[in-house]
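In terms of numbering that gives the first Met the number 0, the sequence shown opens at residue 0 and continues consecutively. Virtual Cβ for every residue (Gly too), placed ideally from N, Cα, C. Bear in mind that the values here come from a model prediction, so they are computed numbers and not experimental data. Here the structure comes first, spelled out in structure tokens, and everything after it is commentary.
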Amino acid sequence: MTTIIDGKQLAKKTNEQTKMEVQHLKEMGITPGLAVVIVGNDEASQRYVRNKNKTAQRLGINSKVIELADTITETELIDIVQQLNDDDAINGILVQDPLPTHIDERKITRKIKPEKDVDGFHPYNVGKLFLDDTTNYPVACTPKGIMTMLKEYNIDLLGKKAVVIGRSAIVGKPMAALLLNAGASITVLHRYTTDILEYTKTADVIVAATGTLHLLQAKSIKQGAVIIDVGQNIDETGHLVGDVDYDDVFDRAGYITPVPGGVGPMTIATLMQQTVELTKWGLNSGK
Ligand code: NAD
Numbered sequence: 000m001t002t003i004i005d006g007k008q009l010a011k012k013t014n015e016q017t018k019m020e021v022q023h024l025k026e027m028g029i030t031p032g033l034a035v036v037i038v039g040n041d042e043a044s045q046r047y048v049r050n051k052n053k054t055a056q057r058l059g060i061n062s063k064v065i066e067l068a069d070t071i072t073e074t075e076l077i078d079i080v081q082q083l084n085d086d087d088a089i090n091g092i093l094v095q096d097p098l099p100t101h102i103d104e105r106k107i108t109r110k111i112k113p114e115k116d117v118d119g120f121h122p123y124n125v126g127k128l129f130l131d132d133t134t135n136y137p138v139a140c141t142p143k144g145i146m147t148m149l150k151e152y153n154i155d156l157l158g159k160k161a162v163v164i165g166r167s168a169i170v171g172k173p174m175a176a177l178l179l180n181a182g183a184s185i186t187v188l189h190r191y192t193t194d195i196l197e198y199t200k201t202a203d204v205i206v207a208a209t210g211t212l213h214l215l216q217a218k219s220i221k222q223g224a225v226i227i228d229v230g231q232n233i234d235e236t237g238h239l240v241g242d243v244d245y246d247d248v249f250d251r252a253g254y255i256t257p258v259p260g261g262v263g264p265m266t267i268a269t270l271m272q273q274t275v276e277l278t279k280w281g282l283n284s285g286k
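Spelled out as structure tokens, the structure:
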């Protein structure tokens with residue numbers, strides 16, 4: 000029987016825990032603060048930012064959205080990031096991508112203080128992740144949320160064959176590092192992989208994060224495999240779907256995340272959770 004990994008339900012549970020932790024911090028006189036910077040009018044980005052802001056406020060986090068015109072210069076944006084770095088009321092800083100082409104996204108990421116890097120994209124934190132560092136550090140929210148899902152469903156990763164499809168800095172690479180740190184054997188596939196089926200057909204766990212419709216069918220996977228679908232695509236009928244042909248794969252999979260209602264809600268819940276973690280880690284470091 001196939002188990003559906005219910006991201007919506009788990010996100011609800013995670014948010015409830017976060018809300019309680021926020022209340023606890025507030026009783027100590029501390030309110031976690033999240034700053035979300037958005038540049039330009041990209042509709043999808045504005046929707047994401049609205050969702051993040053609404054969720055943060057619902058959980059009692061002090062959420063600040065900074066909307067900037069796409070004519071802003073790189074130097075001006077860096078100044079704003081520096082101000083947020085220096086603002087004691089802000090524990091997490093997120094600069095929503097994409098940024099206009101005249102701004103170097105990597106440069107902006109490097110300007111965020113690693114202790115406030117709520118997206119976990121700063122090279123310092125990525126380095127810690129790849130070293131499996133034992134101190135506290137933020138991790139990219141989508142893969143971190145996926146690890147929460149795997150844990151919640153008691154999916155054992157030790158010695159398992161895991162295939163990550165996609166090698167972006169936001170999803171694929173940190174996902175591979177987290178699975179490797181958890182003791183799985185990892186293969187990372189990407190657009191230049193000549194035969195993805197060669198790898199997916201024997202995998203115990205597959206994380207698909209490519210933005211490619213119909214990437215995986217039942218014939219692409221092993222009986223009982225764990226299928227995590229990160230992809231977000233609009234299909235021929237105008238519906239939001241993942242990279243995996245859900246209906247086709249369903250009976251063959253052991254576990255599967257739906258789209259929508261899988262990885263997506265957990266990404267936002269993890270962002271909120273990590274804002275609170277950054278607040279607590281800051282307190283513990285004596286700052
Ligand atoms: P990206 O465009 O930065 O990276 C896509 C990766 O997929 C690349 O490494 C590319 O080489 C690989 N790829 C593309 N086509 C492929 C193919 N046919 N076969 C094998 N590999 C292929 O994208 P991203 O930011 O990593 O996002 C990937 C997908 O996940 C997108 O659909 C995005 O919308 C979605 N996403 C969802 C969430 C969420 O919370 N649900 C979060 C982030 C991204």
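Closest by C-alpha distance to residue i, when choosing among the options
i, options, result
"residue 168", "155, 69, 120", "120"
"residue 282", "4, 19, 202, 28", "28"
"residue 40", "13, 47, 30, 68", "68"
"residue 113", "38, 99, 128", "128"
"residue 205", "248, 126, 233, 191", "248"
"residue 58", "66, 30, 178", "30"
"residue 165", "199, 64, 136", "199"
"residue 211", "189, 56, 197", "189"
"residue 138", "8, 280, 2, 269", "269"
"residue 32", "143, 149, 86", "86"
"residue 122", "197, 173, 72, 0", "173"
"residue 49", "0, 95, 21", "95"
"residue 143", "13, 42, 195", "13"
Pairwise C-alpha distance: residue j and residue i
i, j, result
"residue 242", "residue 34", "31 Å"
"residue 89", "residue 162", "37 Å"
"residue 118", "residue 271", "10 Å"
"residue 81", "residue 103", "16 Å"
"residue 77", "residue 110", "7 Å"
"residue 15", "residue 74", "39 Å"
"residue 136", "residue 45", "27 Å"
"residue 178", "residue 52", "30 Å"
"residue 55", "residue 213", "34 Å"
"residue 23", "residue 62", "17 Å"
"residue 252", "residue 153", "16 Å"
"residue 106", "residue 223", "43 Å"
"residue 237", "residue 100", "29 Å"
"residue 158", "residue 0", "23 Å"
"residue 185", "residue 26", "43 Å"
"residue 133", "residue 187", "24 Å"
"residue 250", "residue 196", "18 Å"
"residue 175", "residue 151", "19 Å"
"residue 235", "residue 43", "19 Å"
"residue 231", "residue 183", "25 Å"
"residue 280", "residue 233", "39 Å"
"residue 11", "residue 156", "24 Å"
"residue 284", "residue 273", "16 Å"
"residue 264", "residue 79", "29 Å"
"residue 191", "residue 19", "45 Å"
Contact under 8 Å by Cβ, residue i with residue j
i, j, result
"residue 217", "residue 160", "no"
"residue 17", "residue 275", "yes"
"residue 266", "residue 141", "yes"
"residue 193", "residue 6", "no"
"residue 239", "residue 259", "yes"
"residue 227", "residue 220", "no"
"residue 215", "residue 207", "yes"
"residue 116", "residue 180", "no"
"residue 170", "residue 229", "yes"
"residue 245", "residue 2", "no"
"residue 9", "residue 148", "yes"
"residue 309", "residue 36", "Lying outside 0 to 286, the shown extent of the chain, residue 309 is not represented and no answer is given."
"residue 98", "residue 92", "no"
"residue 71", "residue 38", "yes"
Residues that DSSP places opposite residue i in a beta bridge
i, result
"residue 61", "32"
"residue 91", "33"
"residue 254", "2, 225"
"residue 232", "240"
"residue 160", "184"
"residue 205", "162, 226"
"residue 116", "92"
"residue 67", "38"
"residue 215", "243"
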